[in-house]
Each structure stands twice: as structure tokens, then as C-alpha cells.
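See structure below.
In UniProt numbering, the protein residues as written are 1 to 663.
Structure below.
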């Protein structure tokens, strides 16, 4: 989970857009979708304006790690910030939320001096954007060389609206695609190939088939957005040259997480469509902004089963709010102030304003009524409130009891009143709090009784928590104890470490080496989904209906060792486990033992002693590069595998200062 992630694109020669996510990835089923869109006039207008532009001219909306070397090459040497150590993490450049304010200041101010995009601009050129609206698109790619695409062909055709996939401008279907049943990926429009395909980093591949499964309805952001430098002054240019809009909504619960395997890729895009004048004509353009989503988990430890073979287009987004915050103090401070760049934009204040705006729009005359309405305690006024008659009667009974009670019994009456009030309280937990509760005490989550309204939900759920969290495993070979494996816990989240303690029992079998791997299995529910027969070999990592990927691995020499302590990192870039209607994602911890039978070696005597020198050279190797040569040299060596299922959930933690730049 990263806060303050920015994507940038050029809308026209003189207008640039920045899309700033409050948090990413965003949990499905929550109101975490919080986005600030800034439109900047970058043309020449002759006024002295400080614009915070943390990006160079090579940026687009592609999601990826920042290239520090390219960025620093554009900063003057005398102004360059001190060198930061190169990160070896999964995302390359991430600043922890534990860093000091001074470090954050260096982080932001280093981008401040990067020049604006050096594009030819007409001085004092008036620019206007028309009819800006947004959508959210969810789609997946099918690798036709692994998965049988013919199963999904009818679904793909059903998503074509007016010659465009999901009816979205920029996803036009060519005539060959519309008439030909194959519909190859290479036949898409030039805009699609350059924008959407390049953002996924997959490259043009004829085996990839594009299938949209979700799109939201269109939500208007503005009808007309005008930038006219001829009307600006030195005092107003800093505000007039930047227009900002704040968007917030609640995503559906049944959206699968962003994922990528060799066979299937699931992706999302925030789509911004707009119009502008080009000559005497009005043209429409579309910008695709990366959007990463994490799966929804409810307070009972359940996860939706996602139906990817059903398309849901033009779905209404709950609680969608869009506000013009160009003059908001928080946004204006970041647009014009130089000394506050080390601080993040305070999205909390933007949310407060959006909630106030929503409340005012729902009750436009509420304020006037409050001024003119006299305070009254009559029963008629109480009945008009949100409380029921039973609530009012119960409250009056407690007041009457309080009036009759002795002074020493007041506390008892108060406790009775508090108990009645607590009975009607409903605690709403968000996904992040649910994850915290599961990782802290999963048994208390399992003890909760599922409410009747949750049973009646139209969404099909899958229980992901085990009945008992097993962390200790006794490993046997031929009824003889080989080792005892102890994990620090049985439920993990993305980005955490799996700590292992392996106690080796070198009595009958001597373990001379270990290979530890974290495996991701994409399990297809039916083998009919996989290509067979005349198609030849599909994938070297495909075993029947299971596609296996190695997420992390480690090799350890255990020659003359009885105990091993190590850890395996769960990559942040992968996805949590989940289940769809045609495949599911699971994780396993595989431990491979290289064993030698001590009894057989003792009977061979001097013949075994001749191998001692070779064994020392092989098994004293610390990085394990010669580990498996031991099996070839020792005739009585054996390989032994075990697989331990592990539960991997989304991450709930937030990191600060992830800036994304791409070419």
C-alpha cells in the first residue's frame, strides 16, 4: 500500500494532467478510491509562476519504478540532492513513512527543479477542454497459446458496443476483428496499442486476447475548462494556471485483484475522456491511467468468488463525488508555495469538504430551516425526528425511572441507558481493519456469527481462513523422522517474511542440502480450459491443470548442520490468493531435501571415505551453487519434497512517497 502516487500525461500542447492517488492499491468494496486530478497550463504566458512538476518530459501514464539516474541527469549539479543508496526492494525506490521530515523534503524538492516539458508552445495561447468525464475499466488478457480462447469468444463479442470494446473511445475494433472470429490483439487501433498495451508492459502479442469484464458508468467532471493567459495577472497566474478536481467513490466488492501470470492477466484503468478544438473541429481523446485493485475481505474472513465469464458494463458507482477544489486552501498551498513541498497533500481535508458538499446538496434548505426553526421539546417534534416511537417511549421510561430513583441508584440507571444505546450501534469495519483483525487474532474472526443480511447477499463468498492455524510440521521419510519445520505463523500478507526454523534429525538420513521455494499455483477448475492435442507443448511450467510460478527461492547447504533458521520474502508485486469461476490462485512453501542414508554409508566403509573430500568441497559452499552436484557424486543420495500451503492476504500497510515516472 503506497500513499501519494502520481501519474502524468500531456493532454494537449499546453495542458498537462496529473492524477494523484491517495492510496494504491485500492481495496475493492471500500471508499478508498480517492483521486486528485490537476490540470496545468504549461504554455508560455510571461508570468512568474512556480509550478510543482515532479516529472520530466519522458513521462506517460505507465506504472513502473522510478529511474533515478535519468531523473538526476536533468537536475543541475549544484542543485542536485545528496545521493540516496540504491534500493534492492521489489519496487526500487520507496521511502518509508518512518523517515524524517528532512528526508521527505529532499525527496520532494529534488523533483521541484526538473524543468517543464520542452514542447513548442504559443505564447498567451488560449486552451479549452470540453466535456471531461471519467470511467473505470476492468479487463483481462487470455494467452491463447495456453488457454483455449474459443471458450471466451462469445463473451468478447458481447462487450462490443458501437464498434468499441465496452463502448470506450480508444478501444475501437477494426473491421477484421468485427468480422473475423479470431479477433487477434494485433488488430486493435493505434491508440489502443500505444496507450493501453504499452501500459501493461506485455508488448504486442498475437496470442493475447483482450476481454473487458467491467466498466463503470460515465461521470462528468467538468463541462468546460478554460485556460486564458490573457486574463491573468502576476497575482492570479499561480491559481488560474492550475485547475484541480477531487474524485471519490466506492468500488464494487466483487472486483478481482490486479494479477499477472503467463496464462491470464487482470488489469484496471481509470479512464479520462475529454474534447478539445483542433483547427475548426472538436476531437475526442482518451487517457488511460493505471489503477491497481486489491481483493475485498469481509469481517468474517470471507472473500468473494469472482465471475470473470460474465461481463458487467456501465455499472453504477456508489457514492461518487466530484468537487472542484481549485480554490481549496490545501490545493492552493501546493500550487503556489515553495516552502511546503515536503508535505503531502492532506486528502483528509479534501474528503471533509466533499462530505460537506454532498450533505449540502442533499439538504439545500437545511441551514435556513435551522435559523428560523424554534427549539421545541414537544412530542410532535420528537416524532418527526429519525427515532421511532419505541425509541421515544423507551427513552421517556428511563427519564421517568431516573426521576423516581434514589441518588445512589443513578449509576444503575445510567448503565441501563448506555446498554440500550449500545444495542443499536452498528460498527462498520473497512477492509484494512478486517485484515488487521485477521492477522492479529483470526480465531476471534471465526467466532463471529454471520448476520442474516450477509447470508442473503447476492455475492458468493469463499472462506479463506483455516479452522486451525498449523505452524509445526513433522517430516518423515520411510517412517523415519527427517526434520521438524516450524513457521512463525500460518497467515501472511504481501510484503511480509515467512520465517522458518528447520530442525534436522540426522540419524538415519543425513540432510546435506535444502532448496526452499515460494510457489504460486494458478489452478484451472477444468482441464478443458487448457489447450491440448495438436497444439503441442503448451508451457514447461504447466502440469495438467496447474500453472506453477516460482516467486522466491533460496538454496542452503546443511552439511554437518542440525538446525537452520531462514526466511522467505513474499513479493509486494504479486497478488493475494483468490478464486474465480474458472481458476484460483494458491501459494505453497516447497522444501526440497537432499538426503543420504547413513546406514548404507556405514556399511560401505572405505568407499564412503573416498567421497569425504568431494563432499566438503560441495556442501561447504555457502550460496548453494554446487548443491545438486552432491546428488550426482553420491550414489545413495535422494531427493525429498514437501509442500506446505500458506495463506497470503493483501497488505494493509501504507508507505510514503512512491513517485512513478516512465518513458
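Just so you know, even glycine gets a beta-carbon here, dropped at the ideal spot from N, CA and C. These numbers were taken from a predicted model, which means no experiment stands behind them.
- Query: To which residues of the same chain is residue 272 closer than 6 Å at the C-beta, ignoring the five residues directly before and after it?
  - Reply: 134 and 287
- Could you pull out every residue in the same chain whose Cβ sits closer than 6 Å to the Cβ of residue 566, ignoring the five residues on either side in sequence? 500
- Query: Closest to residue 213 by CA distance: which of 550, 156, 219 and 230 is it?
  - Reply: 156
- Query: Taking C-alpha atoms, which residue in 316, 477, 481 and 438 lies nearest to residue 467?
  - Reply: 438
- CB-CB under 7 Å to residue 324, same chain, minus the five flanking residues each way: which ones, in chain order? 245
- Item | Selection from 350, 576, 434 and 25 that minimises the alpha carbon distance to residue 301 | 434
- Item | Proximal residues to residue 262 (C-beta, below 8 Å), its chain only, five neighbours per side dropped | 143, 146, 539, 541, 547 and 549
- Query: Residues in its own chain within less than 6 Å of residue 562 by CB, not counting five upstream and five downstream?
  - Reply: 504
- When DSSP labels each residue in this structure, what does residue 404 get in the three-state scheme? helix
- Where residue 238 sits in the DSSP three-state scheme: helix
- Please go through the same chain and pick out, in chain order, the residues whose beta-carbon is closer than 6 Å to the beta-carbon of residue 613, but skip the five residues on each side of it. Because the pLDDT at residue 613 is just 45, under 50, the model does not fix this residue reliably, and the value given afterwards should be weighed accordingly. No residues qualify anywhere along the chain.
- Name the residue from 282, 461 and 316 whose alpha carbon lies nearest to the alpha carbon of residue 684. The structure shown has nothing for residue 684, since the chain only spans 1 to 663.
- When you compare only the Cα positions, how much space is there between residue 559 and residue 578? 39 Å
- Report the three-state DSSP secondary structure of residue 183 (helix, strand or coil). Because residue 183 sits at a pLDDT of 37, beneath the cut-off of 50, its placement in the model cannot be relied upon, and the following sentence gives the value as read from the coordinates. In the structure shown, residue 183 sits in coil (DSSP, three-state: anything other than H, G, I, E or B).
- Query: From 465, 129, 595 and 596, pick the residue whose C-alpha is nearest to that of residue 278; which is it?
  - Reply: 129
- Message: Run through the DSSP bridge pairs and tell me what residue 147 is partnered with.
- Response: 530
- With residue 518 and residue 594 assumed to form a contact (beta carbons below 8 Å), what rounded beta-carbon distance in angstroms separates them? At roughly 19 Å, the Cβ-Cβ gap does not stay under 8 Å, so residue 518 and residue 594 are not in contact.
- Residue span of the beta strand (DSSP E) that contains residue 434, given as start and end: It is not in any beta strand (DSSP E) - residue 434 instead sits in the alpha helix (DSSP H) that spans 431–440.
- Item | Spatial distance of residue 159 from residue 168 (CA atoms) | 10 Å
- Task: To the nearest angstrom, report how far apart residue 132 and residue 432 are at their CA atoms.
- Result: 32 Å
- Message: By the three-class DSSP mapping on this structure, what secondary structure does residue 468 have?
- Response: coil
- What are the start and end residues of the alpha helix (DSSP H) that includes residue 154? 153–158
- Inspect the CB distances between the segment 17–33 and the segment 238–254 and report whether three or more fall short of 8 Å. yes
- Message: With DSSP as the reference, identify every bridge partner of residue 497, one or two as the case may be.
- Response: 569
- Rounded to a whole number of angstroms, what is the C-alpha to C-alpha distance between residue 658 and residue 483? Summary for residue 658: the model assigns pLDDT 49, below 50, so the residue's position carries little reliability; its value from the coordinates is reported in the next sentence. Taking the straight line from one Cα to the other gives about 42 Å.
- Rounded C-alpha distance that separates residue 49 from residue 36: With a pLDDT of only 48 at residue 49, under 50, the local geometry of the prediction cannot be trusted, and no value is derived from it.
- Residue closest to residue 525, alpha-carbon to alpha-carbon, out of 33, 545 and 291: 545
- Message: Just to confirm, is the Cβ distance from residue 308 to residue 478 under 8 Å?
- Response: no
- Task: Pull up the distance between the alpha-carbon of residue 510 and that of residue 292, whole angstroms please.
- Result: 47 Å
- Which of the three DSSP states, helix, strand or coil, is assigned to residue 309? coil
- Given residue 243, which residues of its chain have a CB within under 7 Å of its CB, disregarding the five upstream and five downstream residues? 39, 225 and 326
- Rounded C-alpha distance that separates residue 641 from residue 496: 24 Å
- How many angstroms separate the CA atom of residue 77 from the CA atom of residue 259? Note on residue 77: pLDDT 36, under 50, position unreliable in the model; no value is reported.
- Query: Helix, strand or coil: which one does DSSP assign to residue 314?
  - Reply: strand
- Query: Relative to the alpha-carbon of residue 394, which residue among 531, 417 and 409 has its alpha-carbon at the smallest distance?
  - Reply: 417
- Rounded straight-line distance, which links the Cα of residue 457 to that of residue 216: 21 Å
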